[in-house]
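Trainee: Got a structure here, written out as structure tokens. Questions coming.
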Amino acid sequence: MLKLSLKQQQRVMVISFLFIPLLLLCVFSFYPATQLFNLSVTDWDGINETKNYIGFDNYQSLIDDPAQLEPFLNTFYYFAGAVIQICLALWFAVLVNSKLAGRNLFKTLLFIPFVLNTVAASMVFQIFYQVDGALDNFLQLVGLSGWIKPWLFDSAVVPWALVAASIWRYLGFNLILFFGVLQSIPQDQYEAARIEGAGEWQQFRFITLPSIKLVFGLQVFLAFVGSLSVFDIPMIITKGANGTKTFVMATLETAFTFNDFGLASAMAVVLLLIVVVFMLLQRVLFRESN
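Its first residue numbered 0, the sequence shown is counted upward by one per residue in numbering that gives the first Met the number 0.
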């Protein structure tokens, strides 16, 4: 019987535990990604069995026709909203982490929107934003009638209205992540800083921020990926009307409405490459220092 050294046993153990996760990763991630790229260089319509190879014509079509990439501009609205969302979540997490009275109730109220059904939450905002709806009535009640807008019909206003709904929907998730990492920071660091005369801002800057750097980087990455993959809220509330169509909605429309799966696959590959580049950039900017 072959006897293995302790180091060899450790290697076998690591490989054994990693085999199934790596197998699942290859089957459900890497293989579909390669198939997606293979479709992106064809003119497949999603119906015929034949897939004619056309090279990079689909990618060239995206470059030659800027209208194909116009929905991508809506990503910047959602990314700006995600930045606001992260800042608000961090602020609320710091408040909840303090000796605030009723902080558990406050934390629960902020987290409830995240556990709500997306369709139900979106329909609530659809009613909230409609003409003479809840928002308009509230503004009239507080004497701000001049602020009333056609929230879902003005192309200059509707993106921010949807961004506000997205912030309300996902704020609780960011809050819980920040709250968890704030709980892990030793309190004696803050006590020592207070003894040395450090103010609240100095404690936040030199203790809190360095301690949450990795989680903050993860939040930024998730916010960026989320802004690229927005679909449910604009689809349910406006169905992409008035300039609210996102890149994912345009990709699905290209595939299932216009039956151009080759071009839709090319759009999905472009989206995937952007996510990979941003992931590498995030790892460089937020890597843990030794």
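Beta carbons: idealized from backbone N, C-alpha and C, even for Gly.
Would you check if the distance between the CB atom of Phe127 and the CB atom of Ala133 is smaller than 8 angstroms?
Mentor: Result yes, Cβ atoms of Phe127 and Ala133 sit closer than 8 angstroms.
Trainee: Among Leu21, Leu17, Asn258 and Ile206, whose alpha-carbon lies nearest the alpha-carbon of Leu181?
Mentor: It is Ile206.
Trainee: Could you give the residue range of the alpha helix (DSSP H) that holds Lys6?
Mentor: Element bounds for Lys6: Leu5 to Leu24.
Trainee: Once the 5 residues before and after Ile211 are set aside, which same chain residues still bring their CB inside 6 angstroms of it?
Mentor: Hits under 6 angstroms: Val180.
Trainee: Whole angstroms are fine: how far does the CA of Ser15 sit from the CA of Leu21?
Mentor: Distance between the alpha carbons of Leu21 and Ser15: 10 angstroms.
Trainee: Any chance the region 258-265 sits against the region 40-49, with 3 or more Cβ pairs inside 8 angstroms?
Mentor: The region 258-265 vs the region 40-49: in contact.
Trainee: Return the first residue and the last residue of the alpha helix (DSSP H) that Gln67 is part of.
Mentor: Unbroken run through Gln67: none, as it is neither H nor E.
Trainee: Below 8 angstroms on the Cβ atoms is my contact criterion, and I expect Ile235 with Ser165 to pass it. Report the Cβ-Cβ distance as a whole number of Å.
Mentor: That pair is no contact at about 12 angstroms.
Trainee: In whole angstroms, what is the alpha-carbon distance linking Leu151 and Val130?
Mentor: Their backbone Cα atoms lie some 9 angstroms apart in a straight line.
Trainee: Just to confirm the assignment, what range does the alpha helix (DSSP H) spanning Trp126 have?
Mentor: In the sequence under discussion, the amino acid at residue 126 is Ile, which differs from the Trp named in the question. Per DSSP, Ile126 belongs to the alpha helix (DSSP H) from Thr117 to Tyr128.
Trainee: DSSP three-state label for Thr256, please.
Mentor: Coil.
Trainee: Assign Thr243 to one of three DSSP states: helix, strand, or coil.
Mentor: Coil.
Trainee: Taking Val162 and Gly242 to be in contact with their CB atoms under 8 angstroms, please state how far apart those CB atoms are, rounded to whole angstroms.
Mentor: Actually they do not touch by this definition, with Cβ atoms about 13 angstroms apart.
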